[in-house]
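2 protein chains.
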Amino acid sequence: MKYIVIGLGNFGSTLASRLTTFGHEVFGVDNSLEKAEQFKDRITHTICLDTSKPNAMKNLPIRDTDIVVVAIGEDVGASILTTALLKQNNARQIIGRAINPLHRTVLESIGIETIFNPEELAAEMIAKQLEMQGVLESFDLADDSTILEIKVPERYLGRNAGDLDFEETYGLRLLGIKRFVEEKRIFGLAKKRSTFERNVNEEHIFDTNDILVMMGDMKNFQKMIG
Amino acid sequence: MKYIVIGLGNFGSTLASRLTTFGHEVFGVDNSLEKAEQFKDRITHTICLDTSKPNAMKNLPIRDTDIVVVAIGEDVGASILTTALLKQNNARQIIGRAINPLHRTVLESIGIETIFNPEELAAEMIAKQLEMQGVLESFDLADDSTILEIKVPERYLGRNAGDLDFEETYGLRLLGIKRFVEEKRIFGLAKKRSTFERNVNEEHIFDTNDILVMMGDMKNFQKMIG
Ligand SMILES: Nc1ncnc2c1ncn2[C@@H]1O[C@H](COP(=O)(O)OP(=O)(O)OP(=O)(O)O)[C@@H](O)[C@H]1O
Ligand SMILES: Nc1ncnc2c1ncn2[C@@H]1O[C@H](COP(=O)(O)OP(=O)(O)OP(=O)(O)O)[C@@H](O)[C@H]1O
Numbered sequence: 717m718k719y720i721v722i723g724l725g726n727f728g729s730t731l732a733s734r735l736t737t738f739g740h741e742v743f744g745v746d747n748s749l750e751k752a753e754q755f756k757d758r759i760t761h762t763i764c765l766d767t768s769k770p771n772a773m774k775n776l777p778i779r780d781t782d783i784v785v786v787a788i789g790e791d792v793g794a795s796i797l798t799t800a801l802l803k804q805n806n807a808r809q810i811i812g813r814a815i816n817p818l819h820r821t822v823l824e825s826i827g828i829e830t831i832f833n834p835e836e837l838a839a840e841m842i843a844k845q846l847e848m849q850g851v852l853e854s855f856d857l858a859d860d861s862t863i864l865e866i867k868v869p870e871r872y873l874g875r876n877a878g879d880l881d882f883e884e885t886y887g888l889r890l891l892g893i894k895r896f897v898e899e900k901r902i903f904g905l906a907k908k909r910s911t912f913e914r915n916v917n918e919e920h921i922f923d924t925n926d927i928l929v930m931m932g933d934m935k936n937f938q939k940m941i942g
Numbered sequence: 717m718k719y720i721v722i723g724l725g726n727f728g729s730t731l732a733s734r735l736t737t738f739g740h741e742v743f744g745v746d747n748s749l750e751k752a753e754q755f756k757d758r759i760t761h762t763i764c765l766d767t768s769k770p771n772a773m774k775n776l777p778i779r780d781t782d783i784v785v786v787a788i789g790e791d792v793g794a795s796i797l798t799t800a801l802l803k804q805n806n807a808r809q810i811i812g813r814a815i816n817p818l819h820r821t822v823l824e825s826i827g828i829e830t831i832f833n834p835e836e837l838a839a840e841m842i843a844k845q846l847e848m849q850g851v852l853e854s855f856d857l858a859d860d861s862t863i864l865e866i867k868v869p870e871r872y873l874g875r876n877a878g879d880l881d882f883e884e885t886y887g888l889r890l891l892g893i894k895r896f897v898e899e900k901r902i903f904g905l906a907k908k909r910s911t912f913e914r915n916v917n918e919e920h921i922f923d924t925n926d927i928l929v930m931m932g933d934m935k936n937f938q939k940m941i942g
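First to last, the protein sequences are chains A and B.
Just so you know, we're using the working numbering here: the first sequence kicks off at 717 and counts up by one.
Just so you know, we're using the working numbering here: the second sequence kicks off at 717 and counts up by one.
1) With 8 Å set as the bound, which would you pick, yes or no: does the beta-carbon of residue 886 (chain B) sit closer than that to a beta-carbon of chain A?
2) Among all the DSSP beta bridges, which residues are the ones paired with residue 819 (chain B)?
3) Using a threshold of 7 Å, is the CB atom of residue 767 (chain B) nearer than that to any non-hydrogen atom of ligand 1?
4) Can you tell me the Cα-Cα spacing of residue 894 (chain A) and residue 855 (chain A), whole angstroms?
5) Is it buried or exposed, residue 921 (chain A), if we count other Cβ atoms within 10 angstroms and call 16 or more buried?
6) With residue 848 (chain A) and residue 889 (chain A) assumed to form a contact (beta carbons below 8 Å), what rounded beta-carbon distance in angstroms separates them?
7) Which partner residues of residue 861 (chain A) appear in the DSSP bridge assignment?
8) Any chance the CB of residue 884 (chain B) is under 7 Å from a heavy atom of ligand 2?
9) Would residue 785 (chain B) be called buried (16 or more neighbouring beta carbons within 10 Å of its own) or exposed?
10) On the DSSP bridge assignment, give the partners of residue 876 (chain B) in chain order.
11) Report the rounded CA-to-CA distance for residue 792 (chain A) versus residue 812 (chain A), giving the unit in angstroms.
12) Thinking C-alpha only, which one of B:746, B:727, B:860 is nearest residue 775 (chain B)?
13) Smallest Cα separation from residue 913 (chain B): which of B:903, B:808, B:926?
14) Going by beta-carbon coordinates alone, are residue 862 (chain B) and residue 826 (chain B) separated by less than 8 Å?
15) Is residue 724 (chain B) near ligand 4, in the sense that its beta carbon is under 7 Å from a heavy atom of that ligand?
16) Using a Cβ-based criterion (distance less than 7 Å to any ligand heavy atom), does residue 893 (chain B) qualify as near ligand 2?
17) Using a Cβ-Cβ distance cut-off of 8 Å, determine whether residue 734 (chain B) contacts chain A.
18) Pull out every residue of the stretch 907-938 of chain A whose Cβ sits closer than 7 Å to any Cβ of chain B, in chain order.
19) Could you check the C-alpha separation between residue 801 (chain B) and residue 828 (chain B) for me, to the nearest Å?
20) When the distance is taken between beta carbons, is residue 725 (chain A) closer than 8 Å to residue 814 (chain A)?
21) Classify residue 789 (chain B) as buried or exposed, calling it buried when 16 or more other Cβ atoms lie within 10 Å of its own Cβ.
Right, here's the structure in full:
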């Protein structure tokens with residue numbers, strides 16, 4: 717594929733280099749000569765150009781390019797002008813970066829294929845990774861059925877097992893509650909021993925030592941966290 | 717879980733809001749009052765505070781917090797001072813954002829659990845998504861075996877089938893090459909018809925109409941694209 721990536725900040729330069737290592741032909745564009753120089757060994761071609769100027773477009777192989785990515789961040793004006801010029805020059809597919817809702821609205825009105833915000837995407841990703849750390853153990857029974865052990869979510873602490881919303885909301889069945897208890901032994905050495913309570917009383921009040929053992933489709937669990 | 721997220725830019729505010737919707741108790745911190753106000757309905761608590769000042773730390777519930785995320789971007793100095801103060805105040809787990817290699821090196825030397833760059837993470841993600849668009853069709857034979865039809869990668873164009881590196885590098889077997897040909901019919905109406913060549917000559921030269929039909933473990937293919 718042939719790509720043009722405009723704006724070689726952290727986001728644009730990483731994208732352009734990655735696409736280059738995947739074997740594509742990538743033109744990396746930036747109006748800072750220093751940036752164009754910095755990445756010339758990691759991107760197929762780099763060009764120093766101010767893409768917010770109409771003349772700039774004739775220096776880019778737009779007609780042969782499959783996808784143009786506008787990765788300019790802070791300079792919203794330059795991002796919008798660049799996008800408008802690309803559209804005017806019949807770029808086949810434009811992907812644009814928006815740094816705030818107004819920026820996004822203007823790009824939408826110009827009419828481009830895809831608009832994203834790198835910082836928001838990364839935050840979603842990291843939030844989900846942090847959430848998956850709550851999963852202590854998982855065991856696949858089948859493609860559509862997994863047994864999960866998860867630390868009881870904060871929002872259930874102090875509430876009754878009867879309040880649990882997992883079942884209706886996510887199709888996950890509570891198999892029971894697992895707890896670790898310390899068992900004193902001969903010579904006073906404490907040892908952790910796990911117990912599993914299969915019959916969970918509706919009146920049971922969740923505390924921080926409760927581990928919920930759930931069964932259901934992993935896709936539903938992922939829908940719950942994401 | 718209890719979180720503190722410092723810096724409510726695009727990244728920090730999205731992370732803090734997401735964790736809040738997952739049911740965690742989140743303190744969102746920013747030295748801009750406008751930011752603290754803007755997100756007060758989306759984050760459990762928001763506090764206006766300059767966290768690069770030693771006094772700031774006593775206003776944060778650090779001892780009860782599981783994870784502190786330093787999401788300050790541009791102001792590298794503030795990010796570093798904040799991180800150092802958190803470390804000094806025995807924060808249990810610190811996750812930090814670095815906006816360039818030097819910033820990352822300093823945070824590493826302070827000694828925190830995880831360092832990331834949101835723009836780079838998002839670029840990796842988008843590069844992979846664009847790469848997966850090269851997959852025209854896929855059909856799962858089994859958990860560890862998928863048949864994939866992919867447009868011939870740019871880097872093979874003009875080269876011999878004998879040069880193909882998929883097999884040794886990725887354990888993907890080339891089953892054959894599929895092509896669409898136009899077939900003239902009665903009344904001159906052209907119709908696309910596909911053909912599949914199972915015996916690929918080592919001398920065959922790849923061109924843009926070739927579709928590679930590969931078989932192998934999807935995990936290996938994903939390793940190929942990154
Ligand atoms: N008119 C323009 N033409 C070409 N490139 C431009 C133009 N305006 C800005 N750029 C480039 O876009 C790049 C990214 O923009 P931004 O100002 O957001 O930098 P950044 O904050 O380093 O980016 P990132 O958030 O990706 O790390 C910069 O390298 C900048 O030089
Ligand atoms: N000393 C400080 N104490 C607390 N918050 C701070 C401090 N310095 C900066 N911040 C906040 O950190 C936030 C993120 O920093 P940055 O300057 O990168 O903003 P941004 O570019 O909007 O962020 P993003 O890249 O996440 O969109 C800002 O909202 C800023 O007010």
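Yeah, the Cβ is synthetic: ideal placement off N, Cα and C, and Gly gets one too.
Looking at the atomic coordinates:
1) No, residue 886 (chain B) does not count as interfacial toward chain A.
2) Its beta-bridge partners do not exist; DSSP assigns none.
3) For residue 767 (chain B), the distance from the CB to the nearest heavy atom of ligand 1 is not below 7 Å.
4) CA-to-CA, the gap between residue 894 (chain A) and residue 855 (chain A) works out to about 15 Å.
5) Label assigned to residue 921 (chain A): exposed.
6) No, residue 848 (chain A) and residue 889 (chain A) are not in contact; Cβ-Cβ is about 20 Å, not under 8 Å.
7) Paired residues: A:858.
8) Not under cutoff, so the answer is no.
9) Buried, because 16 or more other Cβ atoms sit within 10 Å of the Cβ of residue 785 (chain B).
10) Partner(s): B:921.
11) CA-to-CA, the gap between residue 792 (chain A) and residue 812 (chain A) works out to about 11 Å.
12) Per the Cα distances, B:746.
13) Nearest option by C-alpha distance: B:926.
14) No, the pair does not count as a contact, with Cβ atoms beyond the cut-off.
15) Ligand 4 is not part of the structure shown, which contains ligand 1 and ligand 2 as its ligands.
16) For ligand 2, not one heavy atom lies less than 7 Å from the Cβ of residue 893 (chain B).
17) It does; some Cβ of chain A falls within 8 Å.
18) Within the stretch 907-938 of chain A, no residue has a Cβ that lies closer than 7 Å to any Cβ of chain B.
19) Between residue 801 (chain B) and residue 828 (chain B), the C-alpha separation is close to 12 Å.
20) No; because the gap between Cβ atoms is not below 8 Å, this pair is not in contact.
21) By the neighbour-count rule (16 or more Cβ atoms within 10 Å), residue 789 (chain B) is buried.
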